[in-house]
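Participant:
Number of protein chains: 2
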Amino acid sequence: MAITPAKTMTLSDIARLAGVSESTASRALRDNPVINAQTRQKVQQIAAEHQFKVNATARSLRTQKSYTIAVIILFDAKTQQAITDPFLLDILGVIADELTHQGYDMLLSTSKTTDKDWRSYYFDSKRADGLIVIGQGEHDERVEQLSAAGVPFVVWGAATGAEPFPVIGSDNRQGAQLAVAHLVTQGCKRIAFLGDVRHSEIEMRYLGYQDALTAAGIKPEPALQLNTDFTAQDGYLQTQQALFKELNNLDGIFAASDAIAMGAMKALLEHGVKVPQQVAIAGFDDIAMSAYCTPSLSTVKQDTHAGGKLLVSQLLQRINGGKAASQLLPVKLIERQSSLRKQ
Amino acid sequence: MAITPAKTMTLSDIARLAGVSESTASRALRDNPVINAQTRQKVQQIAAEHQFKVNATARSLRTQKSYTIAVIILFDAKTQQAITDPFLLDILGVIADELTHQGYDMLLSTSKTTDKDWRSYYFDSKRADGLIVIGQGEHDERVEQLSAAGVPFVVWGAATGAEPFPVIGSDNRQGAQLAVAHLVTQGCKRIAFLGDVRHSEIEMRYLGYQDALTAAGIKPEPALQLNTDFTAQDGYLQTQQALFKELNNLDGIFAASDAIAMGAMKALLEHGVKVPQQVAIAGFDDIAMSAYCTPSLSTVKQDTHAGGKLLVSQLLQRINGGKAASQLLPVKLIERQSSLRKQ
DNA sequence: GGTGATATTGCAATCGATTGCAATAGTGTG
DNA sequence: CACACTATTGCAATCGATTGCAATATCACC
Chain V
-4 MAITPAKTMT LSDIARLAGV SESTASRALR DNPVINAQTR QKVQQIAAEH
46 QFKVNATARS LRTQKSYTIA VIILFDAKTQ QAITDPFLLD ILGVIADELT
96 HQGYDMLLST SKTTDKDWRS YYFDSKRADG LIVIGQGEHD ERVEQLSAAG
146 VPFVVWGAAT GAEPFPVIGS DNRQGAQLAV AHLVTQGCKR IAFLGDVRHS
196 EIEMRYLGYQ DALTAAGIKP EPALQLNTDF TAQDGYLQTQ QALFKELNNL
246 DGIFAASDAI AMGAMKALLE HGVKVPQQVA IAGFDDIAMS AYCTPSLSTV
296 KQDTHAGGKL LVSQLLQRIN GGKAASQLLP VKLIERQSSL RKQ
Chain P
-4 MAITPAKTMT LSDIARLAGV SESTASRALR DNPVINAQTR QKVQQIAAEH
46 QFKVNATARS LRTQKSYTIA VIILFDAKTQ QAITDPFLLD ILGVIADELT
96 HQGYDMLLST SKTTDKDWRS YYFDSKRADG LIVIGQGEHD ERVEQLSAAG
146 VPFVVWGAAT GAEPFPVIGS DNRQGAQLAV AHLVTQGCKR IAFLGDVRHS
196 EIEMRYLGYQ DALTAAGIKP EPALQLNTDF TAQDGYLQTQ QALFKELNNL
246 DGIFAASDAI AMGAMKALLE HGVKVPQQVA IAGFDDIAMS AYCTPSLSTV
296 KQDTHAGGKL LVSQLLQRIN GGKAASQLLP VKLIERQSSL RKQ
């Protein structure tokens, strides 16, 4: 006779063992002071001995709270592949930690899941108490729907101030402005912009790019903006193509992400273009690798730590009956070798 | 009077609207053929009109299935920071897609969450039907516990064949052997190993490293093995230190991950050491960035796609009463500039 | 028209925990 | 000693869906 693994204990089992009713057991386990201290202790001890764990499902059903947040990572419908940008991992890690810290679980949804109607799937079905949408996504009407339906949610993205829902994100425009102004300071006059402006965050960065150029008395040329996916690969390809076109007199590149920047840098170096002497480069995000490529990459650092914490705190505030507010996070220019020409 | 958002519909509401009992409505919604086709259609239509969604919590409670898998990312207790290696993101994305495809949700747990006792927290509490443990972790007694408790789970890690639980992972030993043999072919004689051998996967890679050296008639020197965290930063620091020590006559580096390799490469280049001419480098993982750094990084490609799919399929098989099997995935050497000395 | 087979539908229990309200015991006071 | 009050505990309903089994309706066939 094999020893069968102990069958899962239920509250009713514990109550019976402790010689009390289920209601008393339930209250005792949660240290409800209305229950006699001795009774409480006894029940708790028995529960511990039998490794009793509250059935989260039953509790959720009864209390109508799941203590779970769905995190949805949006990205290009075009490149149907899985999430790939290291930046996402960064912020995801922070969110995960913070949710845990607040006693919430995290339901993660990527790519194909997003075919679903999130509202129905996650909220109406009570799988989650709220949603965090991480979108370098293009404008998505599903977000508007969430808003209209009264679902508690927050978005990581471009806070333009015009959205009827809470958006938390970096000051993309200022970040880009800083980076491009820096490139100009280093003597760049023809600076390409690599990034897909159909994404609202990137659009902001493009505006910042234009701001900096205009401020420096340089007229932005639309031909220097190249729609580029969020991958090193596409950064490489776009740059390679540019080198074969009339854009070969570039002297600077501002990439909408570090991954793109690295791809671009690779293309330049392969063609014998010196970085930063002939072409200076700056990226955006400050992913871990940026400090360790060669030449190391100048970039705009996003405060993912503050961002993740803020996303969580605002969402929980909203869930608890308050209101979530949009917020723009300050960014910081990091100057490294890829853009520094002076010795 | 503000229009309140439509209150959530329950099965009972739908049943009433359709003029049938709850049981009939329930069966109709799941297209149970025992229900008259017309009734089914009517119920489904009414449900659709009212955007009815089954309450996942109630269903889980009744059916005793959550259709949720907890994915636990283990990593150094030492570096208490969030997940950071791009490789993790890769495999995580595949797992997420595959789980979705199979109709499961994914509960993600990282860092601090893992303080918890996973078995109680995720399984006993019925939050998840099974677990996927992603461990570049050091040996963890909690995994053994899972095994003993009969919890359905699979591990991504080092399949040595000795574990009493299913482990799926790359053939680390062979991969390292291929990479180091390649370095030897390129003329390297003193090859450092950067990686923390206390992690079982890395230990396998170290064995492969020794295999290749021995096969080439080179005696492995323990002093050339440097415990290194899974970060570019530590790869950089360890290499920098090595350069100041008696290890400065290295002519090759095999790093246990691409991130480490990139850090190492940075340290070398900064010191004016030519890669690959003076020191050739190879890494492990083939993360996206490896092809785009300069010089591009030779590495061992892990088949994350196959790995992720296998983890999911084996786990589900186990959940459905079958047995999950360990499996070793073939790897592939990718030769790039960081190790190729011939023109 | 009777009878058994078949097609549909509904009743009621169930999953496991939480909680409003009632019940009981115990204490103190006038 | 009665009465009010407090401290504890238990009863029973509830969350929303699923499902075994019984009930009813329909039909075919002899």
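Chains as they are written, first to last, in the numbering used here: chain V, -4 to 338; chain P, -4 to 338.
All C-beta atoms in this analysis are idealised placements derived from N, C-alpha and C, irrespective of residue type, glycine included.
Kindly confirm or deny that the region 272 to 288 of chain P and the region 172 to 184 of chain P touch, where touching means at least three C-beta pairs closer than 8 Å.
Facilitator: yes
Participant: Work out the CA separation of Asn315(V) and Arg11(P) for me, nearest whole Å.
Facilitator: For the purposes of this step, residue 11(P) is taken as residue 16 along the second sequence, with counting starting at 1. For the purposes of this step, residue 315(V) is taken as residue 320 along the first sequence, with counting starting at 1. Looking at the two C-alpha atoms, the distance is approximately 32 Å.
Participant: Between Ala227(V) and chain P, is any beta-carbon pair separated by less than 9 Å?
Facilitator: Translated into positions along the first sequence, residue 227(V) becomes position 232. Yes, Ala227(V) counts as interfacial toward chain P.
Participant: Pick from Glu139(V), Leu178(V), Ser195(V), Ala153(V): whose alpha carbon is nearest that of Pro159(V)?
Facilitator: Sequence index remark: in the first sequence, residue 159(V) carries index 164 (1-based). With distances taken between Cα atoms, Pro159(V) lies closest to Glu139(V).
Participant: Quick check on the DSSP output: the beta strand (DSSP E) that includes Met284(P) runs from which residue to which?
Facilitator: The residue given as residue 284(P) occupies position 289 in the second sequence. For Met284(P), no beta strand (DSSP E) segment is defined, and its DSSP state is neither H nor E.
Participant: Leaving out five residues on either side along the sequence, give the residues of the same chain with a beta carbon under 6 Å from the beta carbon of Thr3(P).
Facilitator: Translated into the one-based positions of the second sequence, residue 3(P) becomes position 8. Answer for Thr3(P): no residue qualifies.
Participant: Cβ of Ile86(P) within 9 Å of Cβ of Gly303(P)?
Facilitator: The count along the second sequence starts at 1 and reaches residue 86(P) at position 91. The count along the second sequence starts at 1 and reaches residue 303(P) at position 308. Cβ distance < 9 Å, so Ile86(P) and Gly303(P) count as in contact.
Participant: Does Gln76(P) pass the burial test, meaning 16 or more other C-beta atoms within 10 Å, or should it be called exposed?
Facilitator: For the purposes of this step, residue 76(P) is taken as the residue at position 81 of the second sequence. Confidence at Gln76(P) is low in this model, with a pLDDT of 47, below 50, so its placement is unreliable and no value can be given for it.
Participant: Are the beta-carbon atoms of Ser321(V) and Pro147(V) separated by less than 9 Å?
Facilitator: Mapped onto the first sequence, residue 321(V) falls at position 326. Mapped onto the first sequence, residue 147(V) falls at position 152. Not in contact: Ser321(V) and Pro147(V) (Cβ atoms no closer than 9 Å).
Participant: With Val270(P) and Gln297(P) assumed to form a contact (beta carbons below 8 Å), what rounded beta-carbon distance in angstroms separates them?
Facilitator: The residue labelled residue 270(P) in the question sits at position 275 within the second sequence. The residue labelled residue 297(P) in the question sits at position 302 within the second sequence. The C-beta distance from Val270(P) to Gln297(P) rounds to 23 Å, too long to meet the 8 Å contact threshold.
Participant: On the DSSP bridge assignment, give the partners of Gly45(V) in chain order.
Facilitator: Taking the first residue of the first sequence as 1, we reach residue 45(V) at position 50. This sequence places His at residue 45(V); Gly is not what is there. Looking at the DSSP assignment, His45(V) forms no beta bridge with any residue, so it has no partner.
Participant: Nearest to Ile129(V) by alpha carbon, out of Arg114(V), Leu103(V), Ile9(V)?
Facilitator: Start at 1 with the first residue of the first sequence, and residue 129(V) comes out as number 134. Checking every option, the nearest Cα to that of Ile129(V) belongs to Leu103(V).
Participant: Note down the Cα distance separating Thr52(P) from Ser115(V), rounded to an integer number of angstroms.
Facilitator: Within the second sequence, residue 52(P) is the residue found at index 57, counting from 1. Within the first sequence, residue 115(V) is the residue found at index 120, counting from 1. Those two C-alpha atoms are separated by around 14 Å.
Participant: Does the CB of Gly230(V) have a neighbour CB from chain P at under 9 Å?
Facilitator: If you number the first sequence from 1, residue 230(V) lands on position 235. Output row for Gly230(V): interface = yes.
Participant: Please give me, in chain order, every unbroken run of the beta strand (DSSP E) with length at least 3 that falls completely inside the region 132 to 205 of chain V.
Facilitator: 148 to 151, 162 to 165, 186 to 189
Participant: How is the alpha helix (DSSP H) around Met260(V) delimited, first residue to last?
Facilitator: What you label residue 260(V) is simply residue 265 of the first sequence in a count that begins at 1. Here the alpha helix (DSSP H) through Met260(V) covers 253 to 265.
Participant: Short check: CB of Asp280(V) to CB of Ala254(V), under 9 Å?
Facilitator: Residue mapping note: residue 280(V) aligns to position 285 of the first sequence, counting from 1. Residue mapping note: residue 254(V) aligns to position 259 of the first sequence, counting from 1. The answer is yes: Cβ separation under 9 Å.
Participant: Lys296(P) lies in the beta strand (DSSP E); which residues open and close that run?
Facilitator: Position 301 of the second sequence holds residue 296(P). That run of the beta strand (DSSP E) goes 294 to 296.
Participant: Terminal residues of the continuous alpha helix (DSSP H) containing Gln273(V)?
Facilitator: Working through the first sequence from its first residue, we reach residue 273(V) at position 278. Run containing Gln273(V): none; DSSP gives neither H nor E here.
Participant: Taking beta-carbon pairs under 7 Å, can you tell me which members of the region 264 to 288 of chain P lie near chain V?
Facilitator: Leu264, Ala283, Met284, Tyr287, Cys288
Participant: What is the residue span of the alpha helix (DSSP H) that Gly88(P) lies within?
Facilitator: Position 93 of the second sequence, counted from the start, is the residue given in the question as residue 88(P). Unbroken alpha helix (DSSP H) run through Gly88(P): 81 to 96.
Participant: Residues of chain V with CB under 7 Å from Val49(P), in chain order?
Facilitator: Against the second sequence, residue 49(P) aligns to sequence position 54. Chain V residues near Val49(P): Ser120.
Participant: For the alpha helix (DSSP H) containing Ser16(P), name the first residue and the last one.
Facilitator: Along the second sequence, read from residue 1 onward, the residue named residue 16(P) stands at position 21. Element bounds for Ser16(P): n/a, residue is neither H nor E.
Participant: Looking at the ligand ATP, does it come within less than 8 Å of Met199(P), judged from the CB to the closest heavy atom?
Facilitator: Because no ligand of any kind appears in the structure shown, any question about the ligand ATP cannot be addressed here.
Participant: Mind checking who Ala250(V) pairs with in its DSSP beta bridge?
Facilitator: Translated into positions along the first sequence, residue 250(V) becomes position 255. DSSP lists Leu189(V) as partners of Ala250(V).
Participant: I'd like to know whether the C-beta of Thr3(P) is nearer than 9 Å to at least one C-beta of chain V.
Facilitator: The residue given as residue 3(P) occupies position 8 in the second sequence. Interface residue, yes.
Participant: Assuming Ser371(P) contacts Leu310(P) under a Cβ cut-off of 8 Å, what Cβ separation, rounded to an integer in Å, is found between them?
Facilitator: Summary: the structure shown does not reach residue 371(P), with chain P confined to residues -4 through 338, and so no result is reported for it.
Participant: Near Thr108(P), which residues of its chain fall below 7 Å by C-beta distance, leaving aside the five closest residues on each side in sequence?
Facilitator: What you label residue 108(P) is simply residue 113 of the second sequence in a count that begins at 1. Annotation note: pLDDT 49 at Thr108(P) (below 50); position unreliable, coordinate value reported separately. Once the five neighbours on either side are set aside, Thr108(P) has no close Cβ partner at all.
Participant: Looking at the secondary structure, which residues open and close the alpha helix (DSSP H) in which Ala53(P) lies?
Facilitator: As a first step, residue 53(P) is located in the second sequence; it is residue number 58 there, counting from the start. Its alpha helix (DSSP H) spans residues 51 to 58.
Participant: Can you list, in chain order, the residues of its chain whose CB lies under 8 Å from that of Val192(P), leaving out five sequence neighbours each side?
Facilitator: Here the question's residue 192(P) lines up with position 197 in the second sequence. So the list reads Glu198, Tyr201, Gln220, Asn222, once near-sequence residues are dropped.
Participant: Locate the alpha helix (DSSP H) running through His299(P), then write down its first and last residues.
Facilitator: Here residue 299(P) refers to the residue found at position 304 when the second sequence is read from its first residue. Residue 299(P) is actually Thr in this sequence, not His. Per DSSP, Thr299(P) belongs to the alpha helix (DSSP H) from 299 to 314.
Participant: Would you say Thr52(V) faces chain P, with C-beta separation under 9 Å as the test?
Facilitator: In the first sequence, residue 52(V) corresponds to position 57, counting from 1. True, the Cβ-Cβ gap to chain P drops below 9 Å.
Participant: Measuring CB to CB, does Leu173(P) end up less than 9 Å from Ala144(P)?
Facilitator: Position 178 of the second sequence, counting from 1, holds the residue named residue 173(P). Position 149 of the second sequence, counting from 1, holds the residue named residue 144(P). Not a contact, by the Cβ cut-off of 9 Å.
Participant: With a threshold of 9 Å between beta-carbons, can Pro81(V) be considered close to chain P, or not?
Facilitator: One-based indexing of the first sequence puts residue 81(V) at position 86. Judged by the 9 Å Cβ criterion, Pro81(V) is in contact with chain P.
Participant: Beta-carbon separation of Lys261(V) and Thr294(P) under 9 Å?
Facilitator: The residue labelled residue 261(V) in the question sits at position 266 within the first sequence. The residue labelled residue 294(P) in the question sits at position 299 within the second sequence. Result no, Cβ atoms of Lys261(V) and Thr294(P) do not sit closer than 9 Å.
Participant: Can you round the beta-carbon distance between Gly203(P) and Val175(P) to whole angstroms, since I take them to be within the 8 Å contact cut?
Facilitator: Locating residue 203(P) in the second sequence gives position 208, where the first residue counts as 1. Locating residue 175(P) in the second sequence gives position 180, where the first residue counts as 1. With a Cβ gap of about 7 Å, Gly203(P) and Val175(P) count as contacting.
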